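Mind the numbering: the sequence shown is residues -20 to -1, 1 to 293 in mature numbering (1 follows the signal peptide of the UniProt record, and there is no 0), read in order. We treat Cβ as the ideally placed atom computed from N, Cα and C, and that holds for glycine. Model, not experiment: these values are computed from the prediction. Contents: one structure, followed by commentary.
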Amino acid sequence: MAVVLLGAVLLVAHPQLVPSHPAAPGPGSGSGQQELLRKADTLPEDLREASAANGSSQQLPQTIIIGVRKGGTRALLEMLSLHPDVAAAENEVHFFDWEEHYSQGLGWYLSQMPFSAPHQLTVEKTPAYFTSPKVPERIHRMNPSIRLLLILRDPSERVLSDYTQVLYNHLQKRKPYPPIEELLVRDGRLNVDYKALNRSLYHAHMQNWLRFFPLRHVHIVDGDRLIRDPFPEIQKVERFLKLSPQINASNFYFNKTKGFYCLRDSGRDRCLHESKGRAHPQVDPKLLNKLHEYFHEPNKKFFELVGRTFDWH
């Protein structure tokens, strides 16, 4: 399962291709974006001078990768960053889900964005957005026309990846953490209060997003397919974002040593950090079956909600 976990994450350099403009103005551009910027706090003087000096500026994102946690958001962002018309925020911003950030307003949010050229789309990713109840309305309030990217994996695998990340975080801090069985099972039954299980109930969270955004504004990336064969999935993302096709099959290569795809650009090969693709804990097959059974009906509801199916247990 380490392979599954980690195709999820490929490091990359930007290809030196001839820049091309998006086929249509990005959502949030024009008068709506300008109004948001007028409402934002004034940028510091030094930032405004730097912006004027080279023609670039910080823009509110026209695209947000909203999740899901341990679904492959870092891989998706790095792959998308191969496109010359994309400017990506390096870190997870957590503007819409953390009150201490949201209370600082759009001016603070804007200050977290990368400098970009006028023709580029600004993208940020924060996986916690998808499962945070307040986020859809807050993003809609900022820009009801924004394009959203959601990357999902098999819910059971996502649970195991979620546990693995928290486990390693505790180990690095020399803190104890219980075996996964103690978190997944309570009184012989699945512990439905375990947060990792809730994060994999995709239909419940998707319903909240569809209260504010039509389905056509959300592109769902198949995280499992992105791991196995990334190029077709990233082509679909380019089309959804109305970007000219600039990312090629030659930008991806399978690293036999690591067991997953890495990125290649202008002769430079890069893979994601070794912390990605960690082995999942060994889980009793009976417990795995309980997981699969638990997600069977929720998955069916999600398939009906979005009008497509995925190859999940």
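- Boundaries of the beta strand (DSSP E) harbouring V198: V198 to D202, taken from the DSSP string.
- Secondary-structure assignment with DSSP links N235 through a beta bridge to F240.
- Between the segment 106 to 122 and the segment 46 to 57, the count of Cβ pairs shorter than 8 Å is three or higher; the stretches touch.
- Classified as buried, R179 has 16 or more neighbouring CB atoms from the shown chains inside 10 Å of its CB.
- By the 16-neighbour rule on beta-carbons within 10 angstroms, R127 is buried.
- If you draw a straight line from the Cα of S112 to the Cα of D77, it comes to about 6 Å.
- In this structure, the CA atom of G247 is about 12 Å from the CA atom of F232.
- DSSP lists A67 as the bridge partner or partners of T102.
- In the same chain as L164, and ignoring 5 residues on each side of it, the C-beta atoms closer than 7 Å to its own belong to L170, N171, Y174 and L267, in chain order.
- The shortest CA-to-CA distance from Q100 to any of V286, E79 and S61 is the one to S61.
- Nearest to L130 by alpha-carbon distance, out of S136, G203, L86 and K153, is G203.
- For I200, the closest C-alpha among the options G35, Q42 and L56 is that of L56.
- Secondary structure note for L132: it is in no alpha helix (DSSP H), and the uninterrupted beta strand (DSSP E) holding it is R127 to L132.
- V115 carries a helical assignment under DSSP once its states are collapsed to helix, strand and coil.
- For the pair of segments examined, the segment 150 to 161 was found not to touch the segment 204 to 211: the number of CB pairs separated by less than 8 Å stays below three.
- Within the same chain, Cβ atoms closer than 8 Å to the Cβ of L151 are found at Y157, the five residues on either side in sequence being excluded.
- Within the same chain, and ignoring the five residues on either side of K114 in sequence, the residues whose Cβ sits closer than 8 Å to its Cβ are F76 and D77.
- Counting the other Cβ atoms within 10 Å of the Cβ of S141 gives 16 or more, which makes it buried.
- If you compare the alpha carbons of L243, Y143, Q92 and D65 with that of E218, the shortest gap goes to D65.
- Only exposed fits P261, as fewer than 16 other CB atoms lie within 10 angstroms of its CB.
- Counting along the chain, T43 sits inside the beta strand (DSSP E) bounded by residues T43 to G47.
- Distances from the CA of T102 to each of Q84, S230 and L40 were compared; the closest alpha carbon is that of L40.
- Taking V198 as the centre and dropping the five residues before and after it, the same chain places the C-beta of L128, L130 and W189 closer than 7 Å to its C-beta, in chain order.
- The alpha-carbon of G87 is positioned some 30 Å away from that of Q187.
- By the neighbour-count definition (other C-beta atoms within 10 Å, threshold 16), R196 is an exposed residue.
- Of the candidates S83, Q84, E80 and R54, R54 places its Cα closest to the Cα of E72.
- Spanning the alpha carbons of L271 and S136 requires a straight line of approximately 6 Å.
- In the three-state reduction of the DSSP assignment, R166 falls in the strand class, which pools E and B.
- Assignment of Q152 by DSSP, reduced to helix, strand and coil, places it in the helix class.
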